[in-house]
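Below you'll find the structure, written out as structure tokens, and then a few comments.
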Amino acid sequence: MANLKQGFTHFGFKEVSKSQKGQLVRNVFDSVANRYDLMNDLMSLGVHRLWKDALIDWLNPQKEQTLLDVAGGTGDITNRFKKRGGGRAIVCDINQQMLVNGQKKFSDSIPMKDTIWICGDAEKLPIDDKSVDVYTIAFGLRNVTNIQVALEEAQRVLRPGGRFLCLEFSDFSLQVLKPLYEAYSFKVIPQIGNVIANDKDSYKYLVESIRKFPNPTQLISRMREAGLEQCKFRNLSGGIVAIHSAWRI
Ligand SMILES: C[S@@+](CC[C@H](N)C(=O)[O-])C[C@H]1O[C@@H](n2cnc3c(N)ncnc32)[C@H](O)[C@@H]1O
């Protein structure tokens, strides 16, 4: 985040004061909440499901594990964790409407019992120190105002021996396909947002925010700075997304 004035951060390509960003991000998800799941399927042609499955594969959930899924939205990661044999779960998101929609989506789902849904900020988690075994954050970290603070919070709430996993858009590395990827991101996705969610600007923000997010090695450095250890990453789909993994020792 070089060249930003003190107290400023990015909201997509715009520079905004850090105190403004949280509300702007909340507005985005208030606006898209009711179409969020449908939009995910349309924009990624369903591939977001495979990326989320890949995170769960790497985690290999165990029934004695308690999961904290931060920026958990409508609960996709938690649902997969439970279905794959994980234990108790907490879905935490700053946006109440995303949580309400998630609870409705999974209301009849037996695996979602022993799951609690709480409204909270990744930068100030309403969770005790050293109280969870797994911390996940999928497509959430790029939306928080202070990534470093969120990573420190992850480290704080994990028990020693606990696992951190982050799924996020990353650096698409297939140069020949890059122009196509850029056109799809900046031209097609905002149009889909316009037609389906009646909100072009929110989807423009979501695409722009991907370009402003730290690349995998920068994110690894920040995870280490936050005290996480054994930090690694894996690219998926040519680097469209990456999964970062670490442990609290
Ligand atoms: C792109 S959605 C991802 C939802 C879900 N994890 C998924 O993969 O489908 C991003 C989520 O991050 C949430 N969010 C944004 N800033 C947050 C913050 N500071 N703390 C907690 N959640 C936040 C939004 O409300 C939204 O539900």
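Under the working numbering, the residues of the sequence shown are numbered 44 to 292, in order. Here a beta-carbon is modelled for each residue, glycine too, at the ideal position from N, C-alpha and C.
Check	Outcome
Whole runs of the beta strand (DSSP E) within the stretch 227–279, excluding any shorter than 3 residues	272–279
Rounded distance between the beta-carbons of G130 and Q108, thought under 8 Å	5 Å
Buried/exposed call for I153, threshold 16 Cβ in 10 Å	exposed
Where P203 sits in the DSSP three-state scheme	strand
Whether L168 touches E195 by CB criterion (8 Å)	no
Contact test: L51 Cβ vs ligand 1 heavy atom, cutoff 7 Å	The question names Leu, but residue 51 in the sequence shown is Phe. F51: no, Cβ never under 7 Å from ligand 1.
Separation of L102 from L208, as counted between CA atoms	8 Å
Cut-off 8 Å between Cβ atoms - residues of its own chain near G270, not counting five sequence neighbours on either side	E195, Q198 and R291
For D80, three-class secondary structure by DSSP	helix
Cβ-Cβ distance between L110 and I133 below 8 Å	yes
C-beta contact flag for K148 and T117 at 8 Å	yes
Among L220, L249, P222 and Q218, nearest to I232 - alpha-carbon criterion	L249
Residue-level contact to chain C via CB, T52, 8 Å cutoff	Structure shown: chain C not included; a single protein chain is present.
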